[in-house]
Amino acid sequence: MPLNNSSFAGFEYQPSEICKFLQAYTTFTLMLRSGIIIHYQPEHAPDFERWLHHHQIEDIRVSIRNNQSAFSKRQQQ
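Residue numbers (the working numbering): 8 to 84.
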């Protein structure tokens, strides 16, 4: 599936509707811009994750890791 598609096969939401996501194995928990939290289990989790990253949807796990690194650096100064 091409990453630049605005839809992902079997997923009913557009990238513009998704605020952020968290992945646990093959289950994705997504926060929509409306504030609704949904869970989605795609048939091909790596493809869905790449699709989310391509559309610059925030990965909560990466954001937390980056924030912890920044906090640690500030504490060392």
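The C-beta atom is built at its ideal place from N, Cα and C for all residues, glycine as well.
Residue j beta carbon less than 8 Å from that of residue i
{"i": "Phe28", "j": "Ile71", "result": "no"}
{"i": "His46", "j": "Thr34", "result": "yes"}
{"i": "His60", "j": "Pro22", "result": "no"}
Cβ neighbour criterion (16 or more within 10 Å) applied to residue i
{"i": "Leu37", "result": "buried"}
{"i": "Leu10", "result": "exposed"}
Same chain, Cβ closer than 6 Å to residue i, neighbours up to 5 away in sequence not counted
{"i": "Ile44", "result": "Met38"}
Backbone CA spacing between residue i and residue j [nearest angstrom]
{"i": "Glu56", "j": "Arg40", "result": "18 Å"}
{"i": "Tyr20", "j": "Cys26", "result": "11 Å"}
{"i": "Asn73", "j": "Glu65", "result": "12 Å"}
Own chain residues within Cβ distance below 8 Å of residue i, not counting five before or after
{"i": "Phe18", "result": "Tyr47, Pro49 and Phe55"}
Same chain, Cβ closer than 7 Å to residue i, five either side skipped, listed in chain order
{"i": "Ser14", "result": "Gln21"}
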